[in-house]
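Note sheet for the following structure.
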Amino acid sequence: MTSTSIVAQHVRRTSLAKRHPAVLMGSLGALAVLLSIYSLKVGATQVSFGNVLHALVGDKSDQAAAIVFDFQLPRVLLCWLIGTALAVSGAVMQGVIRNPLAAPDIVGVTKGAGFGGMLLLLAIPGVPVVAVVPAAFTGGLAAAALVYLLAYRRGATPVRIALVGIAVSAAFEAGIRFLLVRKPLDVSAALIWLTGSLFGRSMSAVLETLPWVLVLVPLIVVWARKLDVLGLGDDLAAGLGEPVEKTRRLLLLFAVALAAAAVAVAGTIGFVGLIAPHMARRVFGGKHLASIPAAALFGVLLMLFADMIGRGLAPPLEIPAGLVTAVVGGPYFLYLLVKTGK
Amino acid sequence: MSVSVGTAPQPTDDAAHRRPKIVTSKQRVAWASLVLLVLVVAGFLWGVSIGSQHISLSHLPGAIFKADDSDELILQSIRMPRVVLALCVGAALAVAGALMQAVAANPLAAPEIMGVNAGAVFVVVLAITVVPSLSGAPTILLSFGGAAAAGVSVMLLAGSGRGRVSPVRLALAGVTASSLLISLTQVLIIFDENSTDSVLFWLVGGVNFAGWQDVRNLLPWLVLGLLGAFAMARPLNLLALGDDMARGLGQNVERTRMLGSVLVIVLCGAAVSVAGPVAFIGLIVPHIMRRVVGSSYTVLLPLCAAGGGVLVLYADIVSRYVKPPFEVPAGVVTALLGAPIFVYLARRQKVSS
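The listed protein sequences correspond, in order, to chains A and B. Number 342 marks the last residue of the first sequence (the working numbering); no jumps. Number 1353 marks the last residue of the second sequence (the working numbering); no jumps.
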């Protein structure tokens, strides 16, 4: 049972989206922009709408503008970048592994990247964030490779990948906690980083993530047709002249890189890479040229929503966005599981 | 679905006489018991002597009877309850795991995989957040409730509740439910600023802060759970032959499952409420023991109790060596040990749902 049947059930309901994807995509984009502007005023320090608009339009002198530019704006921009990175990564993994349950979290990337980042942060105190991204990237890649190798036994079935991913994630999770205790910084601050939060992220964090998203996402969109071809099955794809194994590995590498870059900056934000592509496929169908940009938009909306709830539910307390995405994404995953089992 | 892991139970001619004989080597059982006994004694002596301050074992007799000097006092009030609690928690979780694998007829069933431990933790932390003074018996009862609710939900989500769920779906549903409950627990901990000291304890599990009161809280439930489990050995052996065969032999399958599940809840709920969710014990110990002594629950359950105790005790000892005086919770050590075994079990799955 695959996602295609889920999609099929919704063809009638979503025919508008299928016939005029641009209209719906535009609306989603507009919604994301509106939500972004609204989220600029949510937080421990309330800024009025007038002040937000004022600051955006040009006057950067007063205190409200400082709050908007130094604290709120980087977070909103990061929501866009991280939401896009995780969602596109998940969409590619689900396409390549041909399993609706594939996602950066499931194949161990998230926890591996978290571990890699922590390892470097603790080994070299005061290391610039620039260096954490490659470390997290290496950790994520290593974890994904480990899962693939361990799950491989006359082929790596999606189910074994999922199960092995659970185990490898648990081991990296234990490793992260081990590092935490070896170097007990401020435990609660470290925990907040690990659960995934945009708290205190500045413009430099935006600049860390930007190149990865700017380079890899367009590349993947350009390759969207290759993903469709891979979806036909290995034999048919090879018959159509696609170097199946090579394309698959390259696409997976891109997906892992995107997820790792996101985790390096924002900590382990779960479930976005799993559910955003699903929502996109349900609404826009299985063609990757439409579903990948749509997944990115859903990812952005999820991140904006999660970060806003985290900031706005009980200020000045911050609930990490990663916890919100887990609380929303967990039930959705269980729902998918129940649905695919019938 | 095949439930056999390790040595499969062999129905023989005796089965017709309502007494299925399961092939186990008495010698292996004897050896395993002896090794475990030595490990328990050695672990006890090792566990009480090391820590941020090494204490010579010559103080031990004094600590048991009178506790005159400071060394003897440390032994009596800090080290010994910690070691005893590690043994008790390990025994409870391992036996719960063995029961669960039997009841769910599923090799990947285990309290930590099925969200039972995470459910117990969530409810206990929730209760402590609302009523900070809460401790002891009410905590344990709440923990039972959380464990039961989480276990039943996962079973229902993974499929029908009648023990025919594929291992993979059970694992996926359970792990997701666990991560959801752990996230909710973390949210609670963030809201409750006073609890940061015990954050790791509630998220990972360990016996770092154990006292005799914890042992006293756990002990009645542990005894009840273990005796109940041992008494169920024969029905569980029949259950392992398959539902139809067990029914044919006059077994009330539903009642066995129900009783077994209740015992799982009691054992896990009690263990988690005093030590947090120590990872993977309920999954790995029964599998290792089944390898060693076969799958007759008559010997498997007592040896699981001893093996679980040994595993948590030694994990706790290792955790103290990592970087004193900061201690890694034992749950981290058991997770690192358990993950490779989970991978091994996952690789054995032939299911391709």
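Beta carbons are placed, not taken as given, at the ideal position from N, Cα and C, and that holds for glycine. Model, not experiment: these values are computed from the prediction.
- The three-state secondary structure of residue 223/A, taken from DSSP, is coil.
- Burial is judged here by how many other beta carbons sit within 10 angstroms of a residue's own beta carbon; residue 41/A has at least 16 and is buried.
- In this structure, residue 333/A sits near residue 274/A, with a CB-CB distance shorter than 9 Å.
- The stretch 224-233 of chain A makes no contact with the stretch 69-81 of chain A; the number of CB pairs closer than 8 Å stays below 3.
- Comparing alpha carbon positions, the residue from 1129/B, 1315/B, 1273/B and 1261/B closest to residue 1184/B is 1129/B.
- Not one beta carbon of chain B lies nearer than 9 Å to the beta carbon of residue 208/A.
- Neighbours of residue 1310/B across chain A, judged by C-beta separation under 8 Å, do not exist; the nearest C-beta is about 20 Å away.
- Interface annotation, residue 1169/B: in contact with chain A, CB-CB separation under 9 Å.
- In the structure shown, residue 107/A falls within a coil segment according to DSSP collapsed to helix, strand and coil.
- Assignment of residue 268/A by DSSP, reduced to helix, strand and coil, places it in the coil class.
- Scanning the stretch 1061-1109 of chain B for uninterrupted beta strand (DSSP E) segments of 3 residues or longer gives nothing; none is fully contained.
- Counting along the chain, the unbroken alpha helix (DSSP H) around residue 38/A starts and ends at 21-39.
- When 253/A, 250/A, 225/A and 254/A are compared, the shortest CA-CA separation from residue 240/A is found for 225/A.
- Beyond the five residues adjoining it in sequence on each side, residue 306/A comes within less than 6 Å, by CB distance, of 321, 324 and 325 in the same chain, given in chain order.
- In the structure shown, residue 318/A adopts coil according to DSSP, grouped into three states.
- With at least 16 other beta carbons inside 10 angstroms of its own, residue 1157/B counts as buried.
- Separation of residue 132/A and residue 1316/B (C-alpha to C-alpha, rounded to the nearest whole angstrom) is 32 Å.
- The alpha-carbon of residue 113/A is positioned some 44 Å away from that of residue 1242/B.
- Non-local beta-carbon contacts of residue 248/A in its own chain, meaning distances under 6 Å to residues more than five positions away in sequence, involve 96 in chain order.
- By the criterion of a C-beta distance shorter than 7 Å, residue 1215/B is surrounded in its chain by 1081, 1084, 1085 and 1088, once the five residues flanking it on both sides are discounted.
- If you draw a straight line from the Cα of residue 1049/B to the Cα of residue 1036/B, it is about 20 Å long.
- Contacts between residue 153/A and chain B, judged by CB atoms closer than 8 Å, involve 1347 in chain order.
- Looking from the CA of residue 319/A, the closest CA among 1186/B, 1046/B, 1032/B and 1030/B belongs to 1186/B.
- Ranked by how close their Cα comes to the Cα of residue 1120/B, the residues 1336/B, 1255/B and 1180/B have 1180/B in first place.
- Fewer than three beta-carbon pairs drawn from the stretch 1056-1075 of chain B and the stretch 1266-1283 of chain B are found closer than 8 Å, and the two stretches are therefore not classed as touching.
- Under the three-state reduction of DSSP, residue 1219/B is assigned to helix.
- Residue contact with chain B for residue 320/A: present (Cβ-Cβ distance below 9 Å to some residue of chain B).
- At a cut-off of 9 Å between beta carbons, residue 1176/B contacts chain A.
- Per DSSP, the unbroken alpha helix (DSSP H) holding residue 1291/B starts and ends at 1281-1293.
- If you look at residue 303/A, you'll find it in the alpha helix (DSSP H) that goes 288-312.
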